[in-house]
Amino acid sequence: MMIHKFILSLSPMMRLSMLIMVISTIMAISSTNWFMVWVSLEINMLSFIPFMTKSSKQKNIEAVCKYLVIQACASCIMLYFGYIQLNILNSSSNINMGLMFAFMMKLGMFPAHYWFPSVLQSCDWAGGMMLATWQKVAPAMILITGVWSDQDTIAVILLISIILGGLMGLNQTDVKVILAYSSVSHMGWFLIPYICGMTYLSYYYFLMYMMISTPIFFLFQVYSYDNPNMSSTITTMPENMKFSLMLMLLSLAGLPPLSGFMPKLMVIFNVSIYWPSLAVAIVLASCISLYFYLKLALNIYMSSKNLLFSVNIDKYVVISIIIVIMLTPIILML
């Protein structure tokens, strides 16, 4: 029902753009040479523009320009190092790092994360959802199917992404900006298993991230909440929406027994076997992100008296929802 409402809220042009995005993403993932990867990513980038141009405000125009410049720079870097790689027999670490940096730019990761929050903030909720989830699919999948050297340097970059995403989100009041910095942090978590040789776990983490993040954007889009102030937005929400949003935010934080807990637990457990110091570092870094997730959830809870009791839901339905939330990550592992 929510997906149906979301699709109906989109214009025909945006529906066509979504179709092109899906096709270009599949093309990028299945391409066998850098030129076709570049072509597919460029089509994917251009198909996203209609989501950013729904308004003619100066802020939106600046965001479109910023997005185009960053994506164009990343594409040029990818083409340059991809061409060099095709003309030499052995890829050097510098070439690999250049290619990896290009994809990190497209993902909005450190050290090229600065554009992501401002661009997402300028999008509406539909555009923000596409930018934070689907637009990351192609570069993320290409990134974890490559062979990259200098894993120590990559580990430091990913750890900084996790820490930076948490620190920059602490004092934010705009929900979109908070979700943007949350995405920066989660991209670090997503790639940590890959550098430890556990690509399957990176796939699993990314899938769970998309499954948890997408409904949050859906809720705001369907109910047409576009107030940048977090407190004002939450105050006007229906009680059912507050309860659902609180659960999803806590799941995104990775609190047990919600679905976001299992991916983080698996990452920590498996990484601790091969790289104990890195596992300890990401656990400590995640505590920073946990603070602003809990702050959001607490604001939602405190905005309504007796929230858990005022929501008119049958107790058996609540039990069923909790069981589904707990079992979803386990089922996906099978």
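Quick note: our numbering has the sequence shown finishing at residue 335, numbered continuously throughout.
Glycine included, each C-beta is placed from N, C-alpha and C at the ideal position.
Just so it is clear, the structure is predicted and the values come from calculations on it, not from any experiment.
Terminal residues of the alpha helix (DSSP H) in which residue i lies
| i | result |
| --- | --- |
| W190 | 176-196 |
| M19 | 13-31 |
| D151 | From DSSP, D151 is part of no alpha helix (DSSP H); its letter is neither H nor E. |
| W126 | 126-130 |
| W116 | 116-123 |
| T366 | In the structure displayed, the chain extends from 2 to 335; residue 366 sits before or after that span and is not available. |
Three-state secondary structure (DSSP) of residue i
| i | result |
| --- | --- |
| S260 | coil |
| P51 | helix |
| N300 | helix |
| N313 | Confidence in N313 is poor, its pLDDT being 49 and thus under 50, which makes the residue's placement unreliable; the coordinate value appears in the next sentence. Reduced to three states, the DSSP call for N313 is coil. |
| Q173 | coil |
| N88 | coil |
| M110 | coil |
| W276 | coil |
| K167 | Sequence inspection shows Gly at residue 167; the Lys mentioned does not correspond to that position. If DSSP states are grouped into helix, strand and coil, G167 belongs with the helices. |
| M199 | coil |
| N61 | helix |
| N34 | coil |
| G99 | helix |
| G255 | coil |
| L308 | Residue placement at L308 is flagged as unreliable, the pLDDT there being 48, under the threshold of 50; a coordinate-derived value is accordingly withheld. |
Cβ neighbour criterion (16 or more within 10 Å) applied to residue i
| i | result |
| --- | --- |
| K72 | One detail in the question is off: residue 72 reads as Gln in this sequence, not Lys. So Q72 counts as buried. |
| Q222 | buried |
| L266 | exposed |
| G167 | buried |
| D153 | exposed |
| M14 | exposed |
| F270 | exposed |
| I301 | buried |
| M110 | buried |
| G147 | exposed |
| I193 | buried |
| F117 | buried |
| G128 | buried |
| T54 | exposed |
| S278 | exposed |
| G198 | exposed |
| T200 | exposed |
| C66 | exposed |
| T26 | buried |
| S31 | exposed |
| L285 | exposed |
| N45 | buried |
| L171 | exposed |
| F244 | buried |
| Y115 | exposed |
| C288 | exposed |
| F36 | exposed |
Below-7 Å beta-carbon distance, residue i vs any chain C residue
| i | result |
| --- | --- |
| V23 | Among the chains of the structure shown, chain C does not appear; only one protein chain is present. |
Proximity test, residue i beta-carbon vs the ligand NAP heavy atom, cut-off 6 Å
| i | result |
| --- | --- |
| I62 | The model depicted lacks the ligand NAP and carries no ligand whatsoever. |
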